[in-house]
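The working numbering puts the sequence shown at residues 4 to 498. Below is one structure; the comments refer to it alone.
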Amino acid sequence: MTRRLSASQQLGLLGLLWLGSALLGWRAFALASFYRTPLLDLAKLTANRFGVWLGVAISIALVSGIFLVGWRIVSRARAPVSWPILLAVPLAVALCLVFTYPLTAGDLFDYLALGHLTVFHDANPFTQFPGQFASDPFVRYAAWRFFPSAYGPLWEIMAAGLARLAASDLWTGILLMKAQALLSLALVSALTAWLVWQRRRSPLAVQQALFLLLWNPLLLFDIAGNAHNDLWMVLGLLLAVALAERRRFDLALTALTAGALVKFVPLLIMPLLATAAVRRLGWRQAVRQLAVGLALSLLLAWLCYRPFWPLADPLRLAQRSGLNTTSILALVREIISAWADVETANASAAHLGQAVLAGLVGLGVWRLWRAPARSFTLAVAHLLLAILLLATAWFQTWYLAWVWPLLALHPRSRLAPVLFLLSTTAWFKYLLFSLVFGAHWPPLVPYWQQNVAAALMVIAPPLGFWLLKARQGLHHDATRTQGRQGAGTQDKHSS
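Written out as C-alpha cells, the structure is:
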C-alpha cells in the first residue's frame, strides 16, 4: 500500500523544484558575469539564446504553479508544516536571486546613482538628475538618468547612507541595495506574522501568512532579485494597521506618514484612517488623536525634507503624468491618441485617472462610514487593489507588494482569488515586454500595440474577476441586510 506524502514532504518537494529553478536562473544570469555592463535587461540577455529564452518562459510557469499548489497544501493542512522547510527554502531562493542580475528593472542602479550624487556631489536628488553628473562612475548604469528622484526623502536618506558605504565600488553597492530589500521583506514578514499571532494565536495561521509572503515567487523576484524599495513603504502601512486596531490613530497617522516619505501611496489611505478614527472613537477623541498625529507627521516630514528643501513638486506629480504602461488608463490613452495629439491623450488619461482615484477613495470612505465594524485592514487592501486595477497608469509587478501583506492577514477574504489571479497574469508583463516584444518577435510591434496587448492580458482578466466578486459581495451584503431587517420586523410584531 502506497503511503501518502505528508504536507511537509509535499512542500519540501515543491521547494526543491523552486530552488532548482532559482539555481538555473543564477547560472544563466549570474550577477558577477554581467554587473559591469550598463543597462542590461532580460530581453538583451536572452537575445539569440533560444534555450535560455525557453527556460525563462518554462520557469515562470513552473514557479507560478508551485506557489498555487503550495498554497493549496498549506491552507488545507490540519497541523503546522515543517518550520525549517517553510523558512529555509525561500531563504535559499532569495540568496540565489541576490546573486542573480536584476533582470527586469534597473531601479537598483538608479537608487545607487542618486544616493551617490547626494553624498559625493552634494546634489539634491529631487531637483537634479544623474545625467548632470556624467563623470560619476555610477551614472552610466542609471536607467532614468535624466529624471530626478520619484521617491520620498526618507528613502533618499537611506539610499545616500548605502551609497556612502559602497563608496565607488559598484559590486558592494549592488549587494547593499539587495540586502536592504531583503531586510525590508524580513521585517514585513515578521510584523505580519506577529499581527496574525496576536489575532488568532494559531501557529498554522502564522505559517499560512508567511507562506503568502515568503513563497510568493513574484514578490521574491522583485524584492530579492530586483531590490525594489516598496516594502519599506508597506512597513509603515502595516504599522498603521496594527496601531489603528489598537485605537492609537495618532501613531497610526505617523506610521502612514513614514511610509509616504518612502513612496506617496499611504497618503491615499489617510482619509480611510480618519474615517475609522471618527467611527470608532467619536468626533471629540478622534479629532484629539488625529491632531496629535498630524503634529507628529508634520515634524517627521519636516525633518526628512529639510536637507532637500525647497522643492517645486514634492510628490513628483508632473514627472508621473506622462507615464503609461500595462493598465486600463494606458489603454484609454492609446484610444484617445488615435484622434488627438500625444499631449492631449496624456492629459486626458491623467485627468481620468485622478477622477477614478478620487472616486475610489471616496467609495472606500463611504463604505467604512456605513459599516464601522468593517475590517480596516480589508478596507485598505480593497482600495489598493482597486487603485492598481483602475487608477494606476504605470503598472508594475512589484506594486503587488503593497497588497500581499494585508491579504496575508485575511487569506480567506473575497480579495484572495483576485490577487492570486493578478499575481499570475502579472508575469505576462515580463513575458510580453522582455521575451516577445523585447526579442522582436513578432518584429517591430508598435509600442501602442504592446501596451494594448499587455493591458488585455495582465489587467483585464483580474479586473473582470474582481468586478464579478464585487457584485457577488454586494448581493450577499444586501441579502444579509434584508434578512436582519426582516428579523427585526418579526421581533416587533411578536412583541
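From the three backbone atoms N, C-alpha and C, an ideal C-beta is built for every residue, glycine too. Only a predicted model underlies this, so the values are computations on that prediction, with no experimental measurement involved.
Quiz item: Who are the Cβ neighbours of Arg6 in its own chain at under 7 Å, not counting the five residues just before and after it?
Solution: Closer than 7 Å at the Cβ level, and outside the excluded window around Arg6, lies no residue.
Quiz item: Based on Cα-Cα distance, which residue from Phe141, Leu120 and Ala182 lies nearest to Asp172?
Solution: Relative to Asp172, the option among Phe141, Leu120 and Ala182 whose CA is nearest is Phe141.
Quiz item: Helix, strand or coil: which one does DSSP assign to Thr130?
Solution: Thr130 falls in the coil class under three-state DSSP.
Quiz item: Just reading off the alpha helix (DSSP H) that Asp172 is part of, what are its end residues?
Solution: First-last for Asp172: undefined, no H or E at that position.
Quiz item: Rounded to a whole number of angstroms, what is the C-alpha to C-alpha distance between Ser152 and Phe436?
Solution: For the pair Ser152 and Phe436, the Cα-to-Cα distance works out to about 24 Å.
Quiz item: When the Cα atoms are used, what is the spatial distance from Ile331 to Leu391?
Solution: Taking C-alpha positions only, Ile331 is separated from Leu391 by approximately 10 Å.
Quiz item: Of all Cβ atoms in chain D, is any one closer than 8 Å to the Cβ of Leu106?
Solution: Among the protein chains of the structure shown there is no chain D, as only one such chain exists.
Quiz item: Helix, strand or coil for Trp235 per DSSP?
Solution: In the three-state DSSP reduction, Trp235 falls in the helix class (H, G or I).
Quiz prompt | Minimum C-alpha distance to His385 - residue among Ile61, Tyr104, Trp397 and Leu410 | solution = That would be Leu410, whose Cα lies nearest to the Cα of His385.
Self-check item: Three-way DSSP call (helix, strand, coil) for Thr56 in this model
Solution: The sequence shown places Trp at residue 56, rather than the Thr named in the question. Helix at Trp56.
Quiz item: Does DSSP put Ala108 in a helix, a strand or coil?
Solution: It is coil, neither helix nor strand.
Quiz prompt | Helix, strand or coil at Trp312 according to DSSP, with G and I counted as helix | solution = Three-state result, Trp312: coil.
Exercise. With DSSP collapsed to three states, give me the class of Thr328.
Key: Three-state DSSP puts Thr328 in a strand.
Practice problem: Consult DSSP for Thr40 and reduce its assignment to one of helix, strand or coil. | Solution: Shown here, Thr40 sits in coil according to DSSP, grouped into three states, outside any helix or strand.
Quiz item: Mapping DSSP to helix, strand and coil, what is Thr278?
Solution: Thr278: helix per DSSP, three-state reduction.
Quiz item: How long is the line joining the alpha carbons of Leu190 and Leu238, rounded to whole angstroms?
Solution: Taking the straight line joining both Cα atoms gives about 7 Å.
Quiz item: Going along the chain, which residues of its own chain have a beta-carbon closer than 7 Å to the beta-carbon of Ile499, five neighbours each way excluded?
Solution: With the chain running from 4 to 498 in the structure shown, residue 499 is simply not present.
Quiz item: What does a CB cutoff of less than 6 Å around Tyr144 pick up in its chain, not counting 5 residues either side in sequence?
Solution: The answer, listed in chain order, is Pro41 and Phe112.
Self-check item: Residue closest to Asn127, alpha-carbon to alpha-carbon, out of Leu234, Ala35, Trp312 and Trp200
Solution: Ranking Leu234, Ala35, Trp312 and Trp200 by Cα distance to Asn127 puts Trp312 first.
Practice problem: On a CA-only basis, which of Ala208, Val406, Ala116 and Gln357 is nearest Arg557? Give me that one, please. | Solution: Any question about residue 557 goes unanswered here, given that the chain covers just 4 to 498.
Quiz item: Roughly how many angstroms lie between the CA atoms of Leu270 and Ala243, to the nearest whole one?
Solution: Straight across, the Cα-Cα distance linking Leu270 with Ala243 is about 12 Å.
Quiz item: Taking Ile63 as the reference, which of Trp342, Leu221, Met236 and Ala374 has the closest Cα?
Solution: Ranking Trp342, Leu221, Met236 and Ala374 by Cα distance to Ile63 puts Leu221 first.
Self-check item: Beta-carbon separation (whole angstroms), Ser67 vs Trp430, contact threshold 8 Å
Solution: Contact holds; Cβ gap of about 6 Å.
Quiz item: Where DSSP assigns a beta bridge to Ala289, which residues make up the other side?
Solution: Ala289 is not bridged by DSSP to any residue.
Exercise. Can you give me the Cβ contacts of Ala108 inside the same chain, cut-off strictly under 6 Å, excluding the 5 residues immediately before and after it?
Key: Closer than 6 Å at Cβ, skipping near neighbours: Asn229.
Quiz prompt | Inter-residue CB distance, Ser500 and Thr329 (contact presumed, cutoff 8 Å) | solution = The question about residue 500 has no answer, for the chain in this structure spans 4 to 498.
Quiz item: Can you give the Cα-Cα distance for Gly425 and Thr395, rounded to whole angstroms?
Solution: Note that residue 425 is Leu in the sequence shown, not Gly. Taking the straight line from one Cα to the other gives about 14 Å.
Exercise. Kindly give me the distance between the Cβ atoms of Trp21 and Leu216, rounded to whole angstroms, as I take these residues to be in contact under 8 Å.
Key: A Cβ-Cβ separation of about 15 Å leaves Trp21 out of contact with Leu216 under the 8 Å criterion.
Quiz item: Nearest-angstrom Cα distance between Leu412 and Ile88?
Solution: Their Cα atoms are separated by approximately 21 Å.
Quiz item: Who are the Cβ neighbours of Leu254 in its own chain at under 6 Å, not counting the five residues just before and after it?
Solution: By the criterion of a C-beta distance shorter than 6 Å, Leu254 is surrounded in its chain by Leu246, once the five residues flanking it on both sides are discounted.
Exercise. Pick helix, strand or coil for Met4, following the three-state DSSP scheme.
Key: Residue placement at Met4 cannot be trusted, given a pLDDT of 46 that sits under 50; what the coordinates show is reported in the next sentence. Here Met4 sits in coil by DSSP.
Quiz item: Would Val421 pass as a contact of Leu334 if the rule is Cβ separation under 8 Å?
Solution: Contact annotation: Val421 and Leu334 have beta-carbon atoms that are not nearer than 8 Å.
Quiz item: DSSP on Ser498, reduced to helix/strand/coil?
Solution: The predicted position of Ser498 is uncertain, since its pLDDT is 47 and thus under 50; no value can be drawn from it.
Self-check item: Per-residue DSSP class, three states only, for Trp397
Solution: In the structure shown, Trp397 sits in a strand (DSSP, three-state: E or B).
Quiz item: So is Gly467 buried or exposed if we call it buried at 16+ other beta carbons inside 10 Å?
Solution: Residue environment: Gly467 is assigned as exposed (fewer than 16 neighbouring CB atoms within 10 Å of its CB, all protein chains considered).
Practice problem: Grab me the residues of Asp139's own chain with a C-beta within less than 8 Å of its C-beta, minus the 5 sequence neighbours each way, in chain order. | Solution: In chain order, Ala116, His119, Leu120, Phe123, His124 and Pro133 place their CB closer than 8 Å to the CB of Asp139, counting only its own chain and leaving out the 5 sequence neighbours on each side.
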